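Read the structure below first, then the notes.
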Amino acid sequence: MEQTLKILVVDGDEAERVAVHCALVQSGVHMEVSEASNGIDAISTLRNTNYDCVFLNYHLPDQNALTIIQKLRFWEIQVPIVVLTTIPDEEIVVELLKAGATDYLSKSTASSEILLRVVRNAIRVYRAEKQVELTNQQLRESHEQLIRKHQELEKQRQQIQLQNLKLLEASRFKSQFLATMSHELRTPMNAIIGFSQILLRPKFGQLTHQQTDMVERIFNNGKHLLMLLNEVLDFSKLETGRLDLKAEIFDISKVINTTVAEMRSLAEAKKLSLLVQIDLQNTLVFNDPVRVKQILVNLLSNAIKFTESGEVWVEIKELPANRVAITVRDTGIGIAPRDFTHIFEAFRQVDQSITRKYPGTGLGLAIVDSLVRMMNGKIFLESQLGVGSLFRIELPRQVTSPNVGIDHPSLNLNGEEIFCAAQNPHLSTLQSGKSLKKYPNYKT
Ligand code: ADP
């Protein structure tokens, strides 16, 4: 069923009002038509009752249609308005439409049919306009919301950036502090080690058994402390990118054998077998022997430290693509898979408690990780709690990372000078496996 339309006809002339009223009623559509004879009545009626459409004569006894429309807008009364004029004046029509009239109609053409059409059109246009207005309003609101969100995000981004800068600054200070402290502490430490070593020499006077024991303790603890300080210094250098690899050609099997020999006493003290297997056709590599040894020392000392009984193995073998793999394996306490990544982070240990059984700074693996990265190598870890652990380092036979530096010109295996690992084609001779003895420039 069609809904009843509520129409208000506003005209000062009663005859004209009745004519429009009758024409509307005759249209056959169900309408409830009310009348007002002046602007004041029209406004008060519209403030109290909702209408579907208003027919407003341009000239009213108290004011004209333009003023009424402006007042209705002021009171925020929303209704489609059709202005009735005798002869439409173009300028007035434009002003009326601008002010908010929905349509206009010349009274001379106002038959019932046209009036009905105008009513329907006015309602449709009015609703469409309202819909557009609503949609625009919603769009404006979401646009404003987006702008607010964007501003909030921007503020957060700036805060995060500021936090990051502060963190970087704090981290830089920490590294600087670590580097300075460990460097400063090394000088008195070296004096303690040096003088205790001198005291142990018989030519400086015979010490009693107890005195010798005490000086030996000073010497050994001093060496241990120096090792810890060096670890901290190396780590701070690695963190700030100030550590360079001093690459040269060397026999990696010799470095492995020497390191194992140096650490054998530690294994023996715990009654552990320390086994070495070198399975290389060519034992020569181009790398920093000090840093390769440091990797091995860190892995081996961990293997010995975390193993109570059984064995520790060191193996080295060739890999395809001119790479070598160094494996350190133990039958120790093992590492749970959830700790695999953490243990390579600085100062991270599986047991972080103060009462932990195994001493250490928690820097050993972080240093190994950074050094292996610098050498363009990879670390693999396999471990099982209570069974043991296996750390495998895969390294290119010749390092070419940007941090590789060569202190002094060295010779390659053909006795030619080399300056840069990446540029020197003769380094391919590393693959030939010739003995080093022929080359006097080889440094150990
Ligand atoms: P640190 O040995 O000084 O504690 P590391 O960085 O060398 O520091 O090692 C970090 C942690 O990784 C150790 O505290 C230990 O929990 C674990 N870990 C390293 N190597 C082994 C190993 N061979 N067996 C068992 N746990 C190990």
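The numbering of the sequence shown is the working numbering, which starts it at 646 and goes up by one. From the three backbone atoms N, C-alpha and C, an ideal C-beta is built for every residue, glycine too. From a predicted model like this one, the values you see are computed outputs, not experimental measurements.
- With a 10 Å radius around the Cβ and a threshold of 16 neighbouring Cβ atoms, D924 comes out exposed.
- With 16 or more neighbouring CB atoms inside 10 Å of its own CB, E884 falls in the buried class.
- At a cut-off of 7 Å, the beta-carbon of A815 does not count as near the ligand ADP: no heavy atom of the ligand is closer than that.
- Taking every protein chain shown into account, the CB of P1041 has 16 or more other CB atoms within 10 angstroms, so this residue is buried.
- By the CB criterion at 8 Å, R993 and G977 fall outside the cutoff.
- Judged by their CB atoms, I768 and C698 are nearer to each other than the 8 Å cut-off.
- For I726, the secondary structure class from DSSP, reduced to helix, strand or coil, is strand.
- The nearest non-hydrogen atom of the ligand ADP is less than 7 Å from the C-beta of S1034.
- Q796 and D734 have their C-alpha atoms spaced approximately 50 Å apart.
- Distance between V654 and Q783, taken at the CA atoms: about 34 Å.
- Rounded to the nearest whole angstrom, the C-alpha separation of K716 and A687 is 11 Å.
- For the 8 Å CB-CB criterion, H828 and L890 do not form a contact.
- In the three-state reduction of the DSSP assignment, M1020 falls in the coil class, being assigned neither a helical nor a strand state.
- Taking all protein chains in view, the Cβ of A966 is surrounded by fewer than 16 other Cβ atoms within 10 Å, so the residue is classified as exposed.
- With fewer than 16 other Cβ atoms from the protein chains shown falling within 10 Å of its own Cβ, P706 counts as exposed.
- As DSSP reads the structure, L653 sits in a beta bridge with S679 and V699.
- Inter-residue distance for V973 and N947 is about 10 Å (C-alpha atoms, whole angstroms).
- Membership of Q790 in the alpha helix (DSSP H) is indicated by the continuous run S757 to L845.
- One Cα belongs to T747, the other to G673, and the distance between them is close to 23 Å.
- Within 7 Å of the C-beta of V1017 there is not a single heavy atom belonging to the ligand ADP.
- Residue range G1033 to P1041 is occupied by the beta strand (DSSP E) that includes G1033.
- In terms of Cβ geometry, K916 and I949 do not form a close pair [threshold 8 Å].
- Residue burial annotation: L798 is exposed, with fewer than 16 other C-beta atoms found within 10 angstroms of its C-beta.
- Around the CB of D658, fewer than 16 other CB atoms lie within 10 Å, so the residue is classed as exposed.
- Residue state for T754 is assigned as helix, using DSSP reduced to three classes.
- Excluding the 5 residues flanking it on each side, Q842 has same chain C-beta neighbours closer than 7 Å at F864, in chain order.
- Here the region 845-856 does not lie against the region 815-827, with fewer than 3 beta-carbon pairs under 8 Å apart.
- With the rule of 3 Cβ pairs closer than 8 Å, the region 900-912 does not count as touching the region 1023-1031.
- Under the three-state reduction of DSSP output, R983 falls in the helix class.
- In this model, L871 and N835 are separated by some 8 Å (Cα to Cα).
- The region 979-990 makes no contact with the region 932-945, as fewer than three CB pairs between them are under 8 Å.
- If the five residues before and after V665 are omitted, its C-beta is found closer than 6 Å to the C-beta atoms of V654 and F700, all from its own chain and listed in chain order.
- The Cβ atoms of G1009 and E876 lie closer than 8 Å to each other.
- Counting along the chain, the unbroken beta strand (DSSP E) around R968 starts and ends at R968 to D975.
- Nearest C-alpha to I980 among V995, I805 and R968: V995.
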